[in-house]
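Structure, as structure tokens:
Numbering (full-length UniProt numbering), first residue to last: 1 to 255.
Right under this line is the structure:
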């Protein structure tokens with residue numbers, strides 16, 4: 001939608017006086033200056049919203065850690081563009097209010113904050129709120145583990161409470177050292193996580209969202225009558241065969 005408005009505005013501005021004259025002769029309504037100003041502001045406001053939506057709906061960066069940095073950056077951009085607006089300030093206020101109502105409580109979720117910190121692209125740079133960053137770091141330090149420690153080792157030492165406690169402390173300490181080293185690196189590519197097994201393990205755990213149901217819905221929409229109450233007693237093998245036949249019916253024909 002935003003791209004369409006941008007292209008329309010650019011095309012309108014490139015129109016020559018002769019084309020404008022033809023519009024008058026043909027009684028074609030043209031945008032007046034106030035309408036052009038409104039459309040320009042609308043495009044400026046909705047452009048970051050469209051960009052944020054594309055990021056969160058993309059299939060290339062599907063980590064959970066993209067959520068809070070993207071929402072926070074969207075809020076910053078809307079606050080910044082609001083200072084230059086004349087007509088669309090109520091739109092910005094409505095957008096900011098809706099974003100706060102929908103996503104505001106998520107910034108208090110230590111797990112989501114930790115997920116963002118454990119992505120090399122963001123780490124601690126995506127927000128200036130020290131309390132939020134501290135909450136995420138505390139969560140990471142409490143849950144990070146050393147993958148080199150095998151579960152069997154913990155079980156064998158559990159007979160002695162003192163040894164078990166020291167083992168747990170050592171395991172956590174090794175993981176925290178890796179996390180501190182991860183924060184000190186300047187690289188921002190995902191392969192960086194492979195250098196820190198403890199950090200990588202927790203990052204994968206926190207940044208793996210639930211899969212969408214779209215694929216399942218597409219499957220059942222293709223199935224049509226095959227997946228209906230009248231076929232409720234269909235066994236799995238027959239259902240699969242009928243579904244495959246329906247999806248590949250263009251490859252066969254009956255005469």
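Using N, Cα and C, we set each Cβ at its ideal position, and we do this for glycine too.
Candidates 206, 177, 205 and 101: which alpha carbon is nearest residue 196's? What you label residue 196 is simply residue 196 of the chain shown in a count that begins at 1. Ranking 206, 177, 205 and 101 by Cα distance to residue 196 puts 177 first.
Among the residues of its own chain, which have a CB less than 6 Å from the CB of residue 91, if the five just before and after it don't count? Taking the first residue of the chain shown as 1, we reach residue 91 at position 91. 45, listed in sequence order.
Backbone CA spacing between residue 53 and residue 110 [nearest angstrom]: For the purposes of this step, residue 53 is taken as the residue at position 53 of the chain shown. For the purposes of this step, residue 110 is taken as the residue at position 110 of the chain shown. Straight-line spacing of the CA atoms in residue 53 and residue 110 works out to 23 Å.
Do the CB positions of residue 112 and residue 190 come within less than 8 Å of each other? Locating residue 112 in the chain shown gives position 112, where the first residue counts as 1. Locating residue 190 in the chain shown gives position 190, where the first residue counts as 1. It is not a contact, given that the beta carbons lie outside the stated cut-off.
Which value, in whole angstroms, describes the spacing of the CA atoms of residue 114 and residue 137? Mapped onto the chain shown, residue 114 falls at position 114. Mapped onto the chain shown, residue 137 falls at position 137. Each residue's Cα considered, the two are about 7 Å apart.
Go ahead and label residue 135 buried or exposed: buried means 16 or more other beta carbons lie within 10 angstroms of its beta carbon, across all protein chains shown. In the chain shown, counting from the first residue as 1, residue 135 sits at position 135. Residue burial is scored here from C-beta neighbours: residue 135 has at least 16 other C-beta atoms within 10 angstroms and is therefore classed as buried.
Hey, residue 86 and residue 35: beta-carbon distance below 8 Å or not? Here residue 86 is taken as the residue at index 86 of the chain shown, counted from 1. Here residue 35 is taken as the residue at index 35 of the chain shown, counted from 1. No; because the gap between Cβ atoms is not below 8 Å, this pair is not in contact.
Please name the residue, chosen from 68, 49, 116 and 209, that lies closest to residue 62 on a Cα-to-Cα basis. For this step, residue 62 is matched to residue 62 along the chain shown. Nearest of 68, 49, 116 and 209 to residue 62, Cα basis: 209.
Beta-carbon gap between residue 179 and residue 141 smaller than 8 Å: As a first step, residue 179 is located in the chain shown; it is residue number 179 there, counting from the start. As a first step, residue 141 is located in the chain shown; it is residue number 141 there, counting from the start. The answer is yes: Cβ separation under 8 Å.
Return yes when the Cβ of residue 68 is within less than 8 Å of the Cβ of residue 124, no when it is not. Position 124 of the chain shown, counted from the start, is the residue given in the question as residue 124. Position 68 of the chain shown, counted from the start, is the residue given in the question as residue 68. Their beta carbons are not under 8 Å apart, which means residue 124 does not touch residue 68 by this criterion.
Does residue 136 come out as helix, strand or coil in the three-state DSSP assignment? For the purposes of this step, residue 136 is taken as residue 136 along the chain shown, with counting starting at 1. DSSP places residue 136 in helix when its eight states are reduced to three.
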